Amino acid sequence: MSKLEQELQQEVEKRRTFAIISHPDAGKTTLTEKLLLFGGAIRLAGSVKARKASKHATSDWMEIEKQRGISVTSSVMQFDYKGHRINILDTPGHQDFSEDTYRTLTAADSAVMLIDVAKGVEAQTIKLFQVCAKRGIPIFTFINKLDREGRSPFDLMEELEQVLGIRSVPMNWPIGSGRELCGIYDRMNNQVELFQGDDEDEIEVKKVEGYTDPLIREMAGEYLHDQLCQDLELLDVAGDPFDLEKVKNGQLTPVFFGSAVNNFGVQTFLENFLKLAPKPEPRHSTDGAIAPTNEKFSGYVFKIQANMNPAHRDRIAFLRIVSGKFERGMSVKQMRTGKDIKLAQPQQFLAQDRDIVSVAYPGDIIGLFDPGIFRIGDSLSQGGNVTFDELPTFSPEIFAKVTVKNALKHKQYQKGIDQLTEEGTIQVFTTVGFEDTLLGVVGQLQFEVFEYRMKFEYGVDVQLQRMPYQFARWIVGDNIDPSKFRINSTLVKDKKDNYVVLFENEYAMRTAMDKNPDAKFLETAP
Ligand code: GDP
1 MSKLEQELQQ EVEKRRTFAI ISHPDAGKTT LTEKLLLFGG AIRLAGSVKA RKASKHATSD
61 WMEIEKQRGI SVTSSVMQFD YKGHRINILD TPGHQDFSED TYRTLTAADS AVMLIDVAKG
121 VEAQTIKLFQ VCAKRGIPIF TFINKLDREG RSPFDLMEEL EQVLGIRSVP MNWPIGSGRE
181 LCGIYDRMNN QVELFQGDDE DEIEVKKVEG YTDPLIREMA GEYLHDQLCQ DLELLDVAGD
241 PFDLEKVKNG QLTPVFFGSA VNNFGVQTFL ENFLKLAPKP EPRHSTDGAI APTNEKFSGY
301 VFKIQANMNP AHRDRIAFLR IVSGKFERGM SVKQMRTGKD IKLAQPQQFL AQDRDIVSVA
361 YPGDIIGLFD PGIFRIGDSL SQGGNVTFDE LPTFSPEIFA KVTVKNALKH KQYQKGIDQL
421 TEEGTIQVFT TVGFEDTLLG VVGQLQFEVF EYRMKFEYGV DVQLQRMPYQ FARWIVGDNI
481 DPSKFRINST LVKDKKDNYV VLFENEYAMR TAMDKNPDAK FLETAP
């Protein structure tokens, strides 16, 4: 093994790259902050909370971020903990998420699903879960806000199975809950973590001889201990056994209970997670599977963030390193164009602060200064012969008709539409017969970003009119008769002239499917 391969192997072994998926308010910011506190955050400017504050006087974020005080696009946080190097990919927790949120998940090797104990599985969690499940990556569950009254753990496990279709295995179990919460029992390590209320310094961890240990009775009282014994007996008999293989291919989710704001259960979660979560794995490409220890550097762009600094009009392309060692100033080949590109200005981007990165390894994310040469999905490599699998596209769910206010600006308008479509900011459709332009997105925020960028980058004022459609289906078949798609639906074409039908409701969609048994209805472009 060469010296470089040895170095790569060591660095890859250390790395864990994951995303936290949750519905807004479940406690993602709080959990992230606690995790960062356990490690000395290497690359983090200010506290995570500061990013949520509504005033960003000195920040150079996109105008929309400033106005709303939310993180529009995801960034990366990196920290070290007990010999590991951890990359957390931040997905915006706001209701207004976008396709970027989904694409970011392709850069993660595992996901942590954060659930509010009182609310259970919520809408945005379901969507994000499905994207992860499609990739078959391991999903770890953290059930948060245990200090509040919530649903029973068995109830929540049932919901994971019913709503998400995934079996679960509790790694720890609460002793009491809400106001009565007094601790959690760690099933894997036979220890009890005691809850002391507000003061997180007072969290005490005690080794015990199994859940029947009288020590737990002393601490928790007879009633709660009896309850714990009953629950765990039931789990031992009827629950799924822990099975690492099933965890690895996403069939079984390890469940942890805790309270992020009280820092309760967070450290045990982190330590178990690091043991079980996968290190960066080989990725599929046209040149076969590319192992992270492959000496030749390679990676792909999964997100492009524009206008981080309106004064400079710069953009950052986020690249997930798949193999080899990144060194500042190195030259790589861009597969799409065949051009050599010197990676001279790599940034590790966090909130307002930008660090220049000089070396990075597989699993790491680097931000590349982009004068407009990168596209989402671009593969870059030293060998020059590697193209990674295309990034998935997502079925739009919200639609609007777009018109330009000043007809003289038509040329700029067309240029803007073309570029923003290519970048993956929006999907664009043209109605058959009327030639109207419709935009499709997965989150309302994408419309706002579109309007903003059309105005400030292309100098075009656009008008968006919301349309009542909820579903898009790409129609594949031999004889497509447009007259068949008129009821509560409309026939459009995408950029590549594929037929797509937009439906107002599920009923209309099902009727169309019944009436056209020979046609295929696909959620995304064929
Ligand atoms: P995000 O929208 O998912 O990032 O959620 P935040 O981290 O901002 O948390 C939403 C709210 O829940 C905040 O008021 C937090 O203080 C609160 N919160 C977070 N974790 C806990 C917890 O363990 N217990 C309780 N009671 N509140 C929590």
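Quick note: the sequence shown uses full-length UniProt numbering, first residue 1, plus one each step.
Backbone N, C-alpha and C define an ideal beta-carbon position, used for all residues, glycine too.
Since we're looking at a predicted model, the values are computed, not measured.
Any non-hydrogen atom of the ligand GDP within 7 Å of residue i CB
i: Gly27; result: yes
i: Ala260; result: yes
i: Lys145; result: yes
i: Thr30; result: yes
i: Pro174; result: no
i: Ser22; result: yes
i: Arg148; result: yes
Local Cβ density within 10 Å of residue i, reported as buried at 16 or more and exposed below that
i: Ile88; result: buried
i: Ser74; result: Because the pLDDT at Ser74 is just 42, under 50, the model does not fix this residue reliably, and the point stays unresolved.
i: His410; result: exposed
i: Glu523; result: exposed
i: Ala289; result: exposed
i: Phe485; result: buried
i: Ala123; result: exposed
i: Thr403; result: exposed
i: Leu244; result: exposed
i: Ile126; result: exposed
i: Met509; result: buried
i: Lys415; result: exposed
i: Leu319; result: buried
i: Arg453; result: buried
i: Asp514; result: exposed
i: Asn190; result: exposed
i: Ser2; result: exposed
i: Phe434; result: exposed
i: residue 595; result: Given a span of 1 to 526 for the chain in the structure shown, any question on residue 595 remains unanswerable.
Rounded distance between the beta-carbons of residue j and residue i, thought under 8 Å
i: Thr17; j: Ala133; result: The pair is not a contact, with the Cβ atoms about 18 Å apart (cut-off 8 Å).
i: Val500; j: Phe429; result: 6 Å
i: Val301; j: Gln382; result: Not quite, the Cβ-Cβ distance comes to about 16 Å (not below 8 Å), so this is no contact.
i: Thr141; j: Ile115; result: 6 Å
i: Ala118; j: Glu149; result: 7 Å
i: Tyr211; j: Leu228; result: 6 Å
i: Ser298; j: Ser259; result: The Cβ separation is near 41 Å, so there is no contact.
i: Ile376; j: Lys496; result: That pair is no contact at about 17 Å.
i: Phe369; j: Gln345; result: 4 Å
i: Gln470; j: Asn505; result: 6 Å
i: Ala400; j: Leu464; result: 4 Å
i: Trp474; j: Pro526; result: 6 Å
i: Gly459; j: Gln412; result: 6 Å
i: Lys145; j: Gly39; result: That belief does not hold up - the Cβ atoms of Lys145 and Gly39 are roughly 23 Å apart, past 8 Å.
i: Leu181; j: Asp147; result: 6 Å
Three or more C-beta pairs below 8 Å linking the segment 161–174 and the segment 280–291: For the pair of segments examined, the segment 161–174 was found not to touch the segment 280–291: the number of CB pairs separated by less than 8 Å stays below three.
Given 8 Å, three or more beta-carbon pairs between the segment 332–342 and the segment 354–363: no
Those runs of the alpha helix (DSSP H) which lie wholly inside the segment 248–293 and span at least 4 residues: 266–276
The segment 76–87 contacting the segment 358–365, beta-carbon criterion three pairs below 8 Å: Between the segment 76–87 and the segment 358–365 there are three or more inter-stretch CB-CB distances shorter than 8 Å, so the stretches are counted as touching.
Any beta strand (DSSP E) of 3 or more consecutive residues that is wholly inside the segment 442–507: Within the segment 442–507, the complete beta strand (DSSP E) runs of at least 3 residues are 462–467, 471–476, 489–493, 499–503.
Any alpha helix (DSSP H) of 4 or more consecutive residues that is wholly inside the segment 79–127: 99–104
Contact the segment 254–272 vs the segment 219–235: 3+ CB pairs below 8 Å: Contact between the segment 254–272 and the segment 219–235 is absent, because fewer than three Cβ pairs lie under 8 Å.
3 or more residues per run - each beta strand (DSSP E) lying fully within the segment 380–427: 398–404
Three or more C-beta pairs below 8 Å linking the segment 440–448 and the segment 418–428: As far as the Cβ criterion goes, the segment 440–448 touches the segment 418–428, which means the pair count is three or higher.
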